[in-house]
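> So my numbering is basically just the index in the sequence shown, starting at one, shifted up by 1300. One structure coming up, written as structure tokens, with questions to follow.
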Amino acid sequence: MEDAIIEAIRLAVTKIPDDVVKSLQKAYEKENSPTARFNLENILNAIEIGEKEQIPVCQDTGTVTFFVEAGVRSPYLGVIKELITSALEKATREIPLRPNTVDVLTNKNIGNFPIIHWELVGGDKIKIAVLPKGGGSENCSALAMLTPAEGFEGVKQFVIERVKECGGKPCPPIILGIGIGGSSDLALKLAKKALLRPIGKRHQDEKIARFEEELLEEINSLKIGPMGMGGKTTALDVKVEVAPRHPASFPVGIVFQCWAHRKAFLEINKDGEVRIWQ
Ligand code: SF4
């Protein structure tokens, strides 16, 4: 199981998933600015080299984030945290990953520290989503505690202002995860988890799906473009997730993801059999 987690991390950092690649190729075909085409061509080349040579597609292999849906009847519930931690340690040496974690007080490098989000679910399977998150894009993530009167219009303003403010810093074309409602912490968690939804797949609620499309259109009308050097594609997609909120609060979390949208999934059944996919 530890080897399988290493393989899922390797897959995530060396192979950009097909939905992202197709979306980048579409963006390349749409662009007529030579600079935007040049940047997208370089991105697509880096992706091709990463997959062919089995090396990370970007030098920043990110903070490796795990979303674990743990079946309460899984016999591996008690060991999964240790397995993830040791797999990440080995992956750092073997793939290799950049040792990307420093102690907050001493600044001493401590290798790679896994960020794990847990959700207990029914059943006997454990599903893990691996989401390595680059520092450049993560630095643009933000939280706003809007008033309920500001509502969805306020969300739009907050998002557009933040995208403008960040410009080329998150290595566009970006994918934007947005969490609305819940509490401050839940809004950001929803925003990050939203990034796991495939590019182009809309929210099941029609109104939210429309809101995602409106935001995507407005962001792309900013013409920040690939790597912030101008062009038609600033964002490949926008994903919105919502949760019920307190009547006095309207939390909005935004999580930026760069073009290097790395993700992989694995599932462990009760017999220890593993399936890995992207
Ligand atoms: S933001 Fe993404 S593409 Fe840019 S350096 Fe960081 S990981 Fe790499």
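In this text, a Cβ means the ideal position worked out from N, Cα and C, and glycines have one as well.
1. Counting Cβ pairs closer than 8 Å, one from the region 1371–1391 and one from the region 1347–1360, do we hit at least three?
2. Determine the burial state of D1303: buried for a count of at least 16 other Cβ atoms within 10 Å of its Cβ, exposed for fewer.
3. Measure how close the beta-carbons of Q1557 and S1437 come, nearest whole angstrom, since I'm counting them as under 8 Å.
4. Just curious, the beta strand (DSSP E) that V1387 is in, first and last residue?
5. So who's on the other strand from W1577, going by DSSP bridges?
6. Run through DSSP, which three-state label would Q1557 get?
7. Would you report the Cα separation of N1339 and G1467, rounded to the nearest angstrom?
8. Quick one, what's near ligand 1 if you take every residue whose CB is closer than 5 Å to any heavy atom, in chain order?
9. Using only CA atoms, which one of A1308, V1372, A1346 and H1503 lies nearest to K1570?
10. DSSP on G1371, reduced to helix/strand/coil?
11. Three or more beta-carbon pairs under 8 Å between the region 1411–1429 and the region 1330–1344, yes or no?
12. I'd like the ranges of any beta strand (DSSP E) spanning at least 3 consecutive residues and lying wholly in the region 1402–1455.
13. Check each candidate in G1528, C1440 and K1433 and name the one with the smallest Cα separation from H1561.
14. Give every residue of the same chain whose Cβ lies closer than 8 Å to the Cβ of V1574, excluding the five residues on either side of it in the sequence, and list them in chain order.
15. Work out the CA separation of P1317 and P1498 for me, nearest whole Å.
16. Start and end of the beta strand (DSSP E) containing R1398?
17. Taking C-beta to C-beta, are A1327 and P1470 nearer than 8 Å?
18. So, at 7 Å on beta carbons, what are the nonlocal neighbours of S1483 in its own chain, with the 5 sequence-adjacent residues on each side left out?
19. What do you reckon, are the CB atoms on K1539 and E1512 nearer than 8 Å?
20. Tell me the rounded alpha-carbon separation between G1242 and K1532.
21. Could you check if M1445 is buried or exposed, using at least 16 other CB atoms within 10 Å of its CB as the buried criterion?
22. Could you tell me how far apart the beta carbons of A1387 and I1306 are, in whole angstroms, since I believe they sit closer than 8 Å?
23. Got a sec, what are the start and stop residues for the beta strand (DSSP E) G1350 sits in?
24. Name the DSSP beta bridge partners of V1552, please?
25. Under 8 Å, do V1313 and L1397 count as touching if we go by C-beta distance?
26. Can the beta-carbon of R1310 be found less than 8 Å from the beta-carbon of A1429?
Result, derived from the coordinates:
1. No, the region 1371–1391 is not in contact with the region 1347–1360.
2. That one is exposed.
3. Q1557 to S1437, Cβ: 5 Å. Contact.
4. For the sequence presented, residue 1387 should be read as Ala rather than Val. No beta strand (DSSP E) holds A1387; the alpha helix (DSSP H) holding it covers I1380 to E1394.
5. Its beta-bridge partners are F1565.
6. Correct three-state label for Q1557: strand.
7. About 15 Å.
8. Cβ atoms closer than 5 Å to ligand 1 belong to C1358, D1360, G1434, G1436, S1437, C1471, C1558 and A1560.
9. Of the candidates A1308, V1372, A1346 and H1503, the one whose C-alpha sits nearest the C-alpha of K1570 is V1372.
10. In the three-state reduction of the DSSP assignment, G1371 falls in the strand class, which pools E and B.
11. The answer is no - the region 1330–1344 does not touch the region 1411–1429, with fewer than three Cβ pairs under 8 Å.
12. Runs of the beta strand (DSSP E) lying entirely within the region 1402–1455 and spanning at least 3 residues, in chain order: 1415–1421, 1426–1433 and 1442–1446.
13. Closest in alpha carbon position to H1561, among G1528, C1440 and K1433, is K1433.
14. Apart from sequence neighbours up to five positions away, the residues of its chain that approach V1574 with a beta-carbon distance below 8 Å are M1301, A1304, L1566, E1567 and I1568, ordered along the chain.
15. As the crow flies, the alpha-carbon of P1498 is around 9 Å from that of P1317.
16. Element bounds for R1398: n/a, residue is neither H nor E.
17. At the C-beta level, A1327 and P1470 stay beyond 8 Å of one another.
18. Only P1551 meet the Cβ criterion.
19. The Cβ-Cβ distance between K1539 and E1512 falls below 8 Å.
20. Because the chain in this structure spans residues 1301 to 1578, residue 1242 falls outside the shown range and cannot be described.
21. M1445 should be labelled exposed.
22. Right, their Cβ atoms sit about 5 Å apart.
23. Not the beta strand (DSSP E): G1350 falls in the alpha helix (DSSP H), residues P1334 to E1353.
24. A1444 and I1480, per the DSSP bridge assignment.
25. In this structure, L1397 lies closer than 8 Å to V1313 by Cβ.
26. Taking C-beta atoms as the reference points, R1310 and A1429 fail to come closer than 8 Å.
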